[in-house]
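*Asks:*
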Amino acid sequence: MIPFLDVVRRSFLQAAGDGFVGLSNYRTVLSNEAFRLAAGNTVRFIVVCLPLLLLLSLFLAVLVRKTVRFQRWVKTGFLLPMAIPAASVVIFFQMVFDEEGWLGQLVGLFGITGRDWLGEDSAFWVLVGCYIWKNLGYDMILWLAGLGAVPEEQYEAARVQGAGEWACFRYITLPQLKETVFVTGLLSFVNAFRVFREAYLLAGDYPHESIYMLQHLFNNWFVSLDIQKMTAAAVMLVILSGGILAAAERSCKTAE
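Counting in this note's numbering, the sequence shown runs from 397 upward without gaps.
1. When DSSP labels each residue in this structure, what does L475 get in the three-state scheme?
2. In this structure, how does DSSP classify L538 when only helix, strand and coil are distinguished?
3. By the DSSP assignment, the alpha helix (DSSP H) with A482 in it spans what residues?
4. Between which residues of its own chain and F589 is the CB-CB distance below 6 Å, once the five residues before and five after are set aside?
5. Is it right to say S637 is buried, meaning 16 or more other beta carbons lie within 10 angstroms of its own, or is it exposed?
6. I'd like to know if the region 639-649 and the region 581-595 are in contact, where contact means that at least 3 CB-CB pairs between them fall below 8 Å.
7. With DSSP collapsed to three states, give me the class of L419.
8. Which partner residues does L409 have in the DSSP bridge list?
9. Should R461 and G544 be called a contact, given that it needs their Cβ atoms to be closer than 9 Å?
10. For chain D, find out if any of its Cβ atoms is closer than 9 Å to the Cβ of F585; answer yes or no.
11. Are W539 and T580 closer than 9 Å when you measure CB to CB?
12. So is D535 buried or exposed if we call it buried at 16+ other beta carbons inside 10 Å?
13. Give the straight-line distance between the Cα atoms of L633 and D402, rounded to the nearest whole angstrom.
14. Measure the Cβ-Cβ separation of L419 and F431 and say whether it is below 9 Å.
15. Take N421 and list the residues in its own chain whose beta-carbon comes closer than 6 Å to its own, dropping the five residues that flank it on each side.
16. Can you have a look at L502 and say buried or exposed, based on whether 16 or more other CB atoms are within 10 angstroms of its CB?
17. Our contact map puts L523 next to E594 with C-beta atoms below 8 Å; I'd like the distance itself, whole angstroms only.
18. Only counting the same chain, and skipping five residues up and downstream in sequence, which positions put a Cβ closer than 6 Å to that of L456?
19. Is there contact between the region 544-556 and the region 470-485, where contact requires at least three CB pairs shorter than 8 Å?
20. Round the Cβ separation of Y608 and L433 to the nearest angstrom and send it over; I've been treating them as touching at under 8 Å.
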């Protein structure tokens, strides 16, 4: 906490010296076009990725739980992307989505000119796909742990009363996954901020504007030693993220 408290202190000081400037640094950051672009892209990325990742991983967890015979192999297969280095993942995505990549050559067979998927708005969806592909197995394991904690006797009693699979899932499984939802959502939220590695390796310091994230902005400010901007933006990011997580935890406890 001591280094972070120093960050808070510096966010109220001028760039040169120790002169107190109040909220001036915060106003500078909020009026910065690059910050608004990066913040908007980051929020958009999280809003799109989190629901997709949570729903897909839950769907896969339910399916995998029913395939008892091959469950171990399926788990291993979905967890493999986490063991692959980020640089290798990026090289694969570049080979697929580059203007002269595999996808461009494939559509070329049908007389369609290839395009630079990473240099257009489609770069956002490439990054979304990369994030989901890499984190899908991890979230699936978390869901499987939550599903395994639901007593099988409750399903048997419900089936005796004539309940179908959807009714069992809706009235038995979902209500008992509240804690798993919070933990899985929290870890996925944190991992969403770590996608900078893939975005940076895919397109460098200044990628297409659709994938210019807060991490790019912080990196560029660090290179140019804009310490006051960095500290003010970091404090705002911590407050916002902390507020979101606190609200999510409170809503989870209320639902219980």
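Quick reminder that beta carbons are idealized off the backbone N, C-alpha and C, glycines included.
*Replies:* Let me spell this out:
1. Here the question's residue 475 lines up with position 79 in the sequence shown. Correct three-state label for L475: helix.
2. Taking the first residue of the sequence shown as 1, we reach residue 538 at position 142. Helix, per DSSP.
3. Working through the sequence shown from its first residue, we reach residue 482 at position 86. First-last of the alpha helix (DSSP H) with A482: A482 to F493.
4. Against the sequence shown, residue 589 aligns to sequence position 193. If we look at F589 and ignore the five residues flanking it on each side, it has no Cβ neighbours.
5. Position 241 of the sequence shown, counted from the first residue, corresponds to residue 637. By the 10 Å Cβ count, S637 comes out exposed.
6. yes
7. As a working note, residue 419 is residue 23 in the sequence shown. L419: coil per DSSP, three-state reduction.
8. For this step, residue 409 is matched to residue 13 along the sequence shown. DSSP output for L409 lists F416 as bridge partner(s).
9. Taking the first residue of the sequence shown as 1, we reach residue 461 at position 65. Taking the first residue of the sequence shown as 1, we reach residue 544 at position 148. Yes, Cβ-Cβ distance for R461 and G544 is below 9 Å.
10. Looking at the structure shown, chain D is missing, and only one protein chain is on hand.
11. Here the question's residue 539 lines up with position 143 in the sequence shown. Here the question's residue 580 lines up with position 184 in the sequence shown. Cβ distance < 9 Å, so W539 and T580 count as in contact.
12. Numbered from its first residue, the sequence shown carries residue 535 at position 139. Answer is buried; the Cβ neighbour count reaches 16.
13. In the sequence shown, counting from the first residue as 1, residue 633 sits at position 237. In the sequence shown, counting from the first residue as 1, residue 402 sits at position 6. Going from the Cα of L633 to the Cα of D402 covers about 16 Å.
14. Counting from one through the sequence shown, the residue named residue 419 turns up at place 23. Counting from one through the sequence shown, the residue named residue 431 turns up at place 35. No. Outside cutoff.
15. Taking the sequence shown and counting its residues from 1, the one referred to as residue 421 is at position 25. Correct list, in chain order: S407, Q624 and A628.
16. Here the question's residue 502 lines up with position 106 in the sequence shown. When all chains shown are included, L502 counts as exposed.
17. Within the sequence shown, residue 523 is the residue found at index 127, counting from 1. Within the sequence shown, residue 594 is the residue found at index 198, counting from 1. Yes, they are in contact, since the Cβ atoms of L523 and E594 sit about 7 Å apart, within 8 Å.
18. Walking along the sequence shown from the start, residue 456 turns up at place 60. Result list for L456: M536, in chain order.
19. no
20. Against the sequence shown, residue 608 aligns to sequence position 212. Against the sequence shown, residue 433 aligns to sequence position 37. Correct: roughly 6 Å between the Cβ atoms.
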